[in-house]
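Only one structure is covered here, and it is reproduced in the block below.
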Amino acid sequence: MSFSPLIDQLIASLRCLPGVGARSAQRMAFHLLERDREGALKLSQALAQAVERVGHCQRCRTLTELSLCKLCDNPERDASQLCVVETPADVLAIEQAGSFQGRYFVLHGHLSPIDGLGPEEIGLGELEALVQEMGVKELIVATNPTVEGEATAHYIAEQLRGLDDSIAVSRIAHGVPLGGELEYVDGGTLAHAFAGRKRL
Amino acid sequence: MTTAEPRVEGQPAYVLHIRPYRDDSALVDLFTADYGRLRAVARGVRKARSRLRDATQSLRALRVGWRGRGELKTLTAAEPAGVDVLVQGEALWCGLYLNELVMRLVPSHDPQPRLFAYYQLALSEMADADTREPVLRVFEGRLLEELGLGFALDRAEPGQQAVAAGLNYRLDPQRGLLSDAGGPYPGHALLAMAADDYSEPLTRRCAKRLMREALAPLLGDRPLQSRSLFNARGAGQRGAQP
Ligand SMILES: [Zn+2]
Chain A
1 MSFSPLIDQL IASLRCLPGV GARSAQRMAF HLLERDREGA LKLSQALAQA VERVGHCQRC
61 RTLTELSLCK LCDNPERDAS QLCVVETPAD VLAIEQAGSF QGRYFVLHGH LSPIDGLGPE
121 EIGLGELEAL VQEMGVKELI VATNPTVEGE ATAHYIAEQL RGLDDSIAVS RIAHGVPLGG
181 ELEYVDGGTL AHAFAGRKRL
Chain B
1 MTTAEPRVEG QPAYVLHIRP YRDDSALVDL FTADYGRLRA VARGVRKARS RLRDATQSLR
61 ALRVGWRGRG ELKTLTAAEP AGVDVLVQGE ALWCGLYLNE LVMRLVPSHD PQPRLFAYYQ
121 LALSEMADAD TREPVLRVFE GRLLEELGLG FALDRAEPGQ QAVAAGLNYR LDPQRGLLSD
181 AGGPYPGHAL LAMAADDYSE PLTRRCAKRL MREALAPLLG DRPLQSRSLF NARGAGQRGA
241 QP
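Chains A and B, in that order, are what the protein sequence lines are. Just so we're aligned, residue 1 is where the first sequence starts under my numbering, counting upward by one. Just so we're aligned, residue 1 is where the second sequence starts under my numbering, counting upward by one.
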C-alpha cells in the first residue's frame, strides 16, 4: 500500500535497519509522525551527525569521531597488552565483561580469500606498526572461532614471530559455555575444547 | 498443478564459504559428493540455537540436506559426518586455498564425485606438515584433470615421447609438456611428480611452478587471494605455500 511520496520514502529508509521488515517499518514511521515528532527530529539529527563525523580511531581503528578513541586516550590502560578483535562490537563485549585492562586493535573483518580480503585489507600492516610503536609485550588474538578467524589468528602469530620473538602471542580459549551441559554442545565446539584442554 | 519440491537428504558435503544474509541467515556455498558445488540459504543459522549451526564451519565433513528447484537451495539439515580431523595452524591456510580453488574453478551444479573424494583425501592429510605441500600439488593436478585440462607428466611433444630424466621441458597451454633444452622443468622432477613422489625439494619447487603455470590461464587476471597468506614473515621456510 502506498501513502505519499515522503511517507513511502521514510518507510523504505527504515527498512535498512536489521530486523525491520515492511510491517514494522510502517509502524515506526507512523509512530514517529503521529506521536513523537520531537524524537524523530532528534533521531534524524543524531543520524546525520554520526554518519557525517564518526570515523575510525587512528590507533585502534574502532569507531569514533575523535582522532583517538577514549580507550586509546586513557593513560590508565595497559599499553603492553593489545587485544585484536574483528569488530567494534567485539571491543564493547570485552569491555562489558570488564576483565581486560589493555588496548585493542580492530580488524573490521577477518582473512577471507574468496571475498578478496587479504592481510592488507584487514590492516595487518598497521597492526605490525602499532605493536612496534607501543612496545607491546603480549598480543591477545580474539578473532571468532571460525575457520577464517583461526586462519587470521595463525597469520598474525606468524607475522609477529618473524618480527620480534619477545612478544608473546596468545589466542583466547574457546569451548564449552559456562553453565552449559556437554550433551548439548555441538561437535565443533567440543573438538576445539579438547584441542585447547588445560593440565589440572 | 505443482509437484513436490525436490529434496536431498544425508548428502556428504563441505562448506566452502559462508556469507551473512539478512538478519540471522547465511548463504552457504557447499561442495557436495553427488551434486557438485551449489549454494543454499541457511535460514536462522546465526541464531544461538539453530539446528543448522554445523553449517557455519568450513573444512569439516558434514552430511547436509536441502530442498528447492531453483539455483538457490534451502538448507534443511547439517550435521557432522562422524570422525573428522580438526584443521589447525598453517593447514587452515591450505584449506582456504583448496576452498578458493574449488569456488573459482569448479562450475556449479556439475557433479564432481571424484574431485570430491580428492578434496576429502587432501583435507584428511593436511594435518601433517610434511605431506601438506605434495597433497596440494596432487589436488591441483586432479582438479585440472577433472576439468578436462589435465596433461601427462611422463609424455611430451613432439610425438608423445616418454619424458627423459636428463632432458628439460616447458609447458605449452594447448599441447602439454614440450621438449625444450631451455625449459624450466627437468625431466627427472616431472617423472617424480608422475609417480606422486615429492621427497626431493627440487621436485616440490618444480611442481609448484608447473601447477601455477597450468592454473594461471583459468584464473585470468584475478590471482588466488589465499596465496598471500603464505607470505607471513614467520611462514615460508616450510615451503608449503601454493
Ligand atoms: Zn582507539
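Glycine included, each C-beta is placed from N, C-alpha and C at the ideal position. Owing to the predicted nature of the structure, the values given are computational and were not obtained by experimental measurement.
### Task
Please list, in chain order, all residues with a C-beta atom less than 5 Å from at least one heavy atom of ligand 1.
Working through the chain, the matches are CYS57/A, ARG59/A, CYS60/A, CYS69/A and CYS72/A.
### Message
Can you give me the C-alpha to C-alpha distance between ARG61/A and PRO119/A, rounded to a whole angstrom?
### Response
Their backbone Cα atoms lie some 15 Å apart in a straight line.
### Residues that HIS56/A bridges to, as DSSP identifies them
In the DSSP output, where bridge partners are listed per residue, HIS56/A has LEU63/A.
### Task
Identify, in the order they occur along the chain, each residue of the same chain with its Cβ nearer than 6 Å to the Cβ of LEU115/B, setting aside the five sequence neighbours on each side.
GLU146.
#### Entry: Opening and closing residue of the beta strand (DSSP E) in which THR32/B lies
25 to 32 is the extent of the beta strand (DSSP E) around THR32/B.
### Task
Less than 8 Å between the CB atoms is what I'm expecting for GLY166/B and GLY187/B, so what's the real figure, rounded?
Yes, GLY166/B and GLY187/B are in contact; Cβ-Cβ is about 6 Å, under 8 Å.
### Status (buried if at least 16 other CB within 10 Å, exposed otherwise) for GLN225/B
Sixteen is the threshold: when 16 or more other Cβ atoms of the shown chains lie within 10 Å of the Cβ of GLN225/B, as they do, the residue is buried.
### Task
Determine the DSSP secondary structure at CYS83/A, reduced to helix, strand or coil.
Collapsing the DSSP output to three states places CYS83/A in a strand.
### Query
With 16 as the cutoff for other CB atoms within 10 Å, does TYR169/B come out buried or exposed?
In this structure TYR169/B is buried. Its beta-carbon is surrounded by 16 or more other beta-carbon atoms within 10 angstroms.
### Paired residues, beta bridge with THR74/B - DSSP
Partner(s): VAL41/B and ARG67/B.
### Message
With H, G and I counted as helix, E and B as strand and the rest as coil, what does DSSP make of TYR118/B?
### Response
In this structure, TYR118/B counts as helix in the three-state DSSP scheme.
### Query
Is the shortest distance between the beta-carbon of GLN26/A and the beta-carbons of chain B less than 8 Å?
With 8 Å as the cut-off, GLN26/A does not count as an interface residue toward chain B.
### Message
Please list, in chain order, the residues of the stretch 55 to 66 of chain B that have any C-beta partner in chain A closer than 9 Å.
### Response
The stretch 55 to 66 of chain B vs chain A, Cβ under 9 Å: THR56, GLN57, SER58, LEU59 and ARG60.
### Task
Determine, using beta-carbon pairs with one atom in the stretch 123 to 130 of chain A and one in the stretch 149 to 164 of chain A, whether at least three such pairs fall under 8 Å.
These segments touch.
### Task
Please go through the same chain and pick out, in chain order, the residues whose beta-carbon is closer than 6 Å to the beta-carbon of ARG46/B, but skip the five residues on each side of it.
The beta carbon of ARG46/B lies closer than 6 Å to those of ASP24 in the same chain, with the five residues before and after it left out.
### Query
Quick one: Cα of MET193/B to Cα of ILE18/B, how far?
Answer to the nearest angstrom: the Cα atoms are 34 Å apart.
### Query
Three or more C-beta pairs closer than 8 Å, one from the stretch 82 to 93 of chain A and one from the stretch 103 to 120 of chain A: is that the case here?
The stretch 82 to 93 of chain A is in contact with the stretch 103 to 120 of chain A.
### Message
Please state the DSSP three-state secondary structure of PRO217/B.
### Response
Collapsing the DSSP output to three states places PRO217/B in a helix.
### Query
Of the residues that make up the stretch 109 to 141 of chain A, which ones have a beta carbon closer than 7 Å to any beta carbon in chain B?
Taking 7 Å as the Cβ-Cβ cut-off against chain B, the residues of the stretch 109 to 141 of chain A that qualify are LEU111, PRO113, ILE114, GLY116, GLY118 and PRO119.
### Task
Please name the residues in the stretch 107 to 126 of chain B whose beta-carbon is closer than 7 Å to at least one beta-carbon of chain A, in chain order.
Going along the stretch 107 to 126 of chain B in chain order, one finds no residue with a Cβ nearer than 7 Å to chain A.
### Query
From this set, ILE140/A, ALA153/A, ARG35/A and ALA25/A, which residue's C-alpha is nearest ILE122/A's C-alpha?
Comparing Cα positions, the closest option is ALA153/A.
### Query
Checking contacts by CB at 8 Å: is ALA187/A closer than that to chain B?
The identity of residue 187/A in the sequence shown is Gly, whereas the question assumes Ala. Yes, its Cβ sits closer than 8 Å to a Cβ of chain B.
### Task
Please report how far the alpha carbon of ALA232/B lies from the alpha carbon of TYR155/A, in whole angstroms.
Straight-line Cα distance between these residues: approximately 6 Å.
### Task
In angstroms with no decimal places, state the Cα-to-Cα distance between LEU163/A and GLU133/A.
Spanning the two alpha carbons is a distance of roughly 13 Å.
### Selection of the stretch 74 to 89 of chain B by Cβ proximity to chain A, strictly under 9 Å
Listed in chain order, the positions of the stretch 74 to 89 of chain B with a beta carbon within less than 9 Å of a beta carbon of chain A are GLU79, PRO80, ASP84, LEU86, VAL87, GLN88 and GLY89.
### Task
State yes or no: is the C-beta of CYS72/A within less than 8 Å of the C-beta of ARG59/A?
In contact: CYS72/A and ARG59/A (Cβ atoms closer than 8 Å).
### Message
Between ALA173/A and chain B, is the shortest Cβ-Cβ distance under 8 Å, so that the two count as touching?
### Response
No, because no Cβ of chain B sits closer than 8 Å to the Cβ of ALA173/A.
### Task
Using a threshold of 8 Å, state whether the C-beta atoms of GLY175/A and ALA151/A are closer than that.
At the C-beta level, GLY175/A and ALA151/A stay beyond 8 Å of one another.
### Query
Beta-carbon of ARG53/B versus every beta-carbon of chain A: anything under 8 Å?
Taking Cβ atoms only, chain A reaches closer than 8 Å to ARG53/B, which makes this a yes.
### Task
Quick one: give me the first and last residue of the beta strand (DSSP E) that TYR21/B is part of.
For TYR21/B, the enclosing beta strand (DSSP E) starts and ends at 7 to 21.
### Message
Is it buried or exposed, GLY236/B, if we count other Cβ atoms within 10 angstroms and call 16 or more buried?
### Response
Summary for GLY236/B: the model assigns pLDDT 48, below 50, so the residue's position carries little reliability; its value from the coordinates is reported in the next sentence. By the Cβ neighbour-count rule, GLY236/B is exposed, with fewer than 16 other Cβ atoms within 10 Å of its own.
### Query
Touch check for the stretch 193 to 205 of chain B and the stretch 63 to 82 of chain A: three-plus C-beta pairs under 8 Å?
Contact check between the stretch 193 to 205 of chain B and the stretch 63 to 82 of chain A: fewer than three CB pairs, one atom from each, fall below 8 Å, which does not count as touching.
### Selected residue, minimal CA-CA separation from ASP29/B, among HIS109/B, LEU92/B, VAL85/B and CYS94/B
Looking only at HIS109/B, LEU92/B, VAL85/B and CYS94/B, the smallest Cα-Cα distance to ASP29/B is reached by HIS109/B.
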